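Below is one structure, written out as structure tokens, with a few remarks after it.
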Amino acid sequence: MWAGLHHHAMAGAMTRYNPAAIEPKWQAYWNDHDTFKTPEGAERPKAYILDMFPYPSGSGLHVGHPEGYTATDIMARYRRARGYDVLHPMGWDAFGLPAEQHAILTGTHPRDTTVQNIETFKRQLKMLGFSYDWSREIDTTSPDYVRWTQWIFLELFKRGLAYQNEVPVNWCPALGTVLANEEVINGLSERGGHPVERVPLRQWVLKITAYADRLLADLDDVEWPNSTRIMQQEWIGRSEGAEVHFQVVGHDASIEVYTTRPDTLFGATFMVLAPEHPLVDAITSDRQRADVTAYVEQAKSKSERDRQASKDKTGVFTGGLAINPVNGAEVPVYIADYVLWGYGTGAIMAVPAHDERDFEFATAHGIPIIEVVSKTGAASGAPLAEAMVEQGIAVNSGKYDGLSTAEFKARITKDLEEAGKGRARVEYKLRDWIFSRQRYWGEPIPIYFPVDTDGDPRVGAEFSIHYDEPMAVDASELPLRLPELDDYKPGKDPAGVLARAADWRFFRKDGRWYARETNTMPQWAGSCWYYLRFIDPRNESEICSRELAERWLPVDLYVGGAEHAVLHLLYARFWHKVLFDAGVVPTNEPFKKLVHQGMILGEGGQKMSKSRGNVVNPDDIVDAFGADSMRVYEMFMGPLEATKPWSTSSIAGVRRFLDRVHTVTARAEASARSDAALTRLLHQTIRKVTDDIEGMRFNTAISAMMVLSNELMKLEQVPTEALEVLAKLLHPFAPHLGEELWGMLGHSPSIQHQAWPEYDPALCEEDEVEVPVQINGKVRARITLPKDATQDQALKAAKSADVVAAQLADKPLRKVIWVPNKILNLIL
RNA sequence: GCCGGGGUGGCGGAAUGGCAGACGCAGGCGACUUAAAAUCGCCCGUGGUAACACGUGCGGGUUCGAAUCCCGCCCCCGGCACCA
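Going by this note's numbering, the residue at position 282 of the first sequence is 283; the numbering climbs one at a time, nothing skipped.
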């Protein structure tokens with residue numbers, strides 16, 4: 002069969018480049034020959050090259066998807082050619098809200114929608130010729146996969162890292178659902194404008210805070226974009242400070258505060274509790290009670306977002322006083338919503354002179370401001386115009402006066418600790434991860450609870466569930482599957498949709514009734530560990546064999562959008578560390594090198610969106626130009642990480658380039674030899690393309706191949722050996738054309754099995770260089786010199802140029818700057 | 001406000017201390033053609049006939065030499081947003 006192809010190609014210098022014909026042909030070849038199957042065994046070096054897998058939405062692939070996928074595909078094909086065993090898989094992050102919304106509206110089972118969408122996505126990805134090992138395809142909604150997601154949950158549960166807590170959520174009774182913060186506007190639901198309440202609801206929470214230090218420290222070990230590492234650092238938000246106890250006047254209670262500036266303790270002129278603080282009720286005086294109650298109520302009715310939207314420093318005095326432990330001063334205690342209940346101790350000592358927020362509050366409420374830190378070491382005496390938040394020298398601080406901020410902090414923390422009035426403390430902004438959703442289309446949480454009932458709760462008997470006695474479903478019973486429902490609409494019960502599936506929810510064991518957890522997992526769950534399952538996707542007895550995990554981890558290259566810089570990448574790292582502690586994985590971190598592809602904008606430079614009508618559909622592009630043109634164009638647009646606008650006329654230019662490569666390859670002459678200039682260009686091109694692929698600078702790699710093909714076009718006789726090099730360099734970018742060219746040059750497939758071309762650095766060197774001659778920094782002439790000429794040779798050549806000679810005749814030469822092969826600068 | 005990234009021809013971009021504008025798009029001229037398309041060749045930062053001058057967001061600095069390094073400012077994009 003392939004002999005026939007050669008014959009056809011050789012006969013057909015007239016045969017035109019026809020992607021519509023060759024692309025399906027080579028896709029079928031790869032498919033039939035398992036060209037991209039991940040090799041077994043471990044003799045060769047490995048490369049695990051991974052894309053962030055997509056949510057298979059109903060609208061199919063958009064042009065943003067293939068950008069990252071093409072980049073990883075080039076890396077995968079390049080590494081194979083370089084002798085690596087490559088793992089390059091693809092799968093589906095298929096749980097998610099859109100399929101559930103569609104089910105609510107149409108009654109279609111989310112699984113049916115999902116299966117259909119996956120089919121579309123897969124067809125489109127295959128159309129683009131990506132070299133995935135499809136035998137490892139994963140779907141996070143398949144029972145095989147859900148089983149192990151649930152297994153990890155149980156592992157978290159057994160380790161005390163999954164617990165239940167009453168967490169205030171945005172519950173909308175009219176919609177019968179819990180809303181995310183961004184779905185609530187001014188206390189009303191974004192859709193429908195129904196009232197939303199902050200109600201405490203039992204939730205499953207994962208103790209990610211237990212891993213905060215490791216998640217922070219190990220960021221040093223990964224090759225990630227700096228911006229992403231910084232975002233994660235800030236999200237974790239570690240700070241070192243002190244906890245200080247303030248005795249409440251007239252009560253047997255003390256207020257604990259957290260501060261990063263214990264050195265400003267002498268400047269604490271009031272305290273603030275978060276409105277939710279449990280001491281509020283006790284310390285509020287009768288006189289202030291009405292005001293305090295009203296303020297607390299008001300804070301409760303606002304969403305977290307609305308509370309944070311206003312920067313005004315509102316608050317009320319509780320009537321209570323507390324004693325400053327360092328100087329015995331009595332300070333008033335306020336409540337204000339600028340103090341957050343979820344951070345630190347939910348209470349602060351307020352130092353208006355040295356904290357902007359406290360300064361604003363003090364100014365608004367007429368509270369004294371005492372300066373305790375100064376740049377010079379002397380108090381300014383005058384009232385401060387604004388808070389001085391920098392470090393400095395202590396003043397007005399008794400025996401501590403004159404200490405630097407750092408010394409003061411260390412001393413007072415020690416003194417407080419000795420006096421039993423405080424201690425050093427580390428705080429994090431990171432909070433535990435609310436892991437339950439009141440949804441249908443997610444992994445059921447494999448937990449059940451004992452039930453008290455006097456009948457059969459499946460048919461309406463009264464029951465009460467002992468949520469405080471959660472029990473793990475036995476691993477042998479996994480996967481715990483979702484029940485079939487007739488109706489996916491959220492109901493009145495905040496326990497979620499699954500609560501209505503009574504036959505599924507309640508079961509009897511050893512004469513006792515039990516109820517299953519009716520919350521499901523969030524979409525993050527499946528994407529937290531899919532990279533692990535790709536390593537051993539059909540293993541029925543383990544999540545992943547230890548041997549294969551050792552072979553393939555960590556992921557060497559992970560490419561995906563920057564929108565996942567924090568949540569997905571932090572959650573996945575957390576689970577990975579838990580699995581490391583459980584002995585499942587051998588590495589600290591899952592993803593060694595991370596790259597974010599930039600966004601592709603519409604033709605007008607605006608974000609692509611249906612409403613703007615500027616969405617480009619990959620099917621149309623492949624129809625018009627072919628998959629290889631689309632791939633090469635997306636890589637040629639600019640740096641991978643950059644945001645850049647789509648341009649259909651530019652893709653036509655890329656298509657012309659591929660056309661020319663096809664045409665010039667058809668002119669191959671086996672007997673022709675490369676002359677010195679062509680040999681040099683060939684070696685330079687190999688070097689440039691190789692280096693650029695290693696650095697993922699695909700745009701400049703393509704440019705170098707364009708230069709080579711332009712030169713080849715000019716030749717009378719085009720040497721086969723040069724065309725072979727071009728085909729090998731081009732094939733990771735334009736794989737179908739690469740195979741076709743390889744056949745045209747008389748070889749049998751696949752070009753993927755050919756070794757990557759090597760260059761000889763000596764042959765890359767030019768033997769002559771053109772050097773600009775500057776006079777006082779301005780270019781006045783150019784001279785041609787042998788490579789590595791000396792300053793004397795350069796000067797001599799420069800003086801023979803008319804312009805230079807004329808200038809030198811007028812003025813004396815004061816200084817010569819000679820950078821070999823680069824520049825000659827004469828200072829007169 | 002804070003953090004991160006960026007600002008270069010008509011457009012996408014290249015050059016990270018040494019000839020600014022590689023490569024491509026768009027545009028112009030020419031060849032081929034009865035003609036058009038396609039293809040091929042040449043031109044293409046601005047001003048100027050030219051010599052030359054000017055030119056990488058703006059203002060300053062360092063340097064023989066700056067798109068590139070430093071200081072100050074403006075604008076655009078992304079993220080975070082009272083975290084004590």
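Beta carbons: idealized from backbone N, C-alpha and C, even for Gly.
Since we're looking at a predicted model, the values are computed, not measured.
Assigned secondary structure, residue i (DSSP; H/G/I helix, E/B strand, else coil)
i, result
"N166", "strand"
"W205", "strand"
"C173", "strand"
"F360", "helix"
"L742", "helix"
"A77", "helix"
"A365", "helix"
"E101", "helix"
"W757", "coil"
"P55", "coil"
"E156", "helix"
"T16", "coil"
Paired residues, beta bridge with residue i - DSSP
i, result
"V452", "I466"
"L189", "I186, P196"
"R783", "P773"
"D86", "K47"
"M272", "V334, M350"
"V596", "V560"
"G92", "I139"
"E68", "The partner list for E68 (beta bridge, DSSP) is empty, contrary to what the question assumes."
Of the residues the options, the one placed nearest residue i, counting alpha carbons only
i, options, result
"T36", "D803, V817, P736, D416", "P736"
"V780", "H748, L827, L217, E769", "L827"
"S398", "L580, F267, V560, E740", "F267"
"S710", "R698, A669, S651", "A669"
"V396", "S381, L385, T785", "S381"
"S228", "E564, Y133, L533", "E564"
"I536", "W27, K800, Y49", "Y49"
"F575", "D455, G562, P591", "P591"
"Y259", "A425, V179, A100", "A425"
"P758", "A82, D113, A673", "A82"
"V427", "A211, G194, T39, L533", "A211"
Separation of residue j from residue i, as counted between CA atoms
i, j, result
"A21", "R308", "58 Å"
"G605", "P646", "7 Å"
"F362", "Y634", "56 Å"
"W553", "E41", "11 Å"
"E298", "A291", "11 Å"
"D313", "A516", "47 Å"
"L486", "V567", "35 Å"
"N328", "N166", "39 Å"
"D789", "G778", "22 Å"
"E541", "I139", "14 Å"
"I186", "K301", "15 Å"
"P555", "K593", "6 Å"
"F507", "K611", "44 Å"
"L814", "M697", "46 Å"
"S630", "P619", "11 Å"
"I23", "T16", "12 Å"
"G84", "L730", "15 Å"
"S675", "H684", "11 Å"
"E101", "P447", "21 Å"
"M472", "K159", "10 Å"
Chain-order list of residues whose beta-carbon lies under 6 Å from that of residue i (same chain, five-residue window excluded)
i, result
"W860", "No answer is possible for residue 860: the residues shown for the chain start at 2 and end at 829."
"F626", "I652, R656"
"V617", "V64, W647"
"Y559", "L51, F592, L595"
Close Cβ partners of residue i (< 7 Å) along its chain, the five nearest in sequence each way excluded
i, result
"V390", "H355, D356, E357"
Cutoff 8 Å; reference residue i; Cβ partners in own chain excluding five residues on either side
i, result
"W236", "K430, L431, V567, L571"
"Y468", "Q165, R203, F450"
"E766", "R681, K788"
heavy atom of the ligand MG below 7 Å from residue i C-beta
i, result
"Y30", "The ligand MG is not part of the structure shown, which contains no ligands of any sort."
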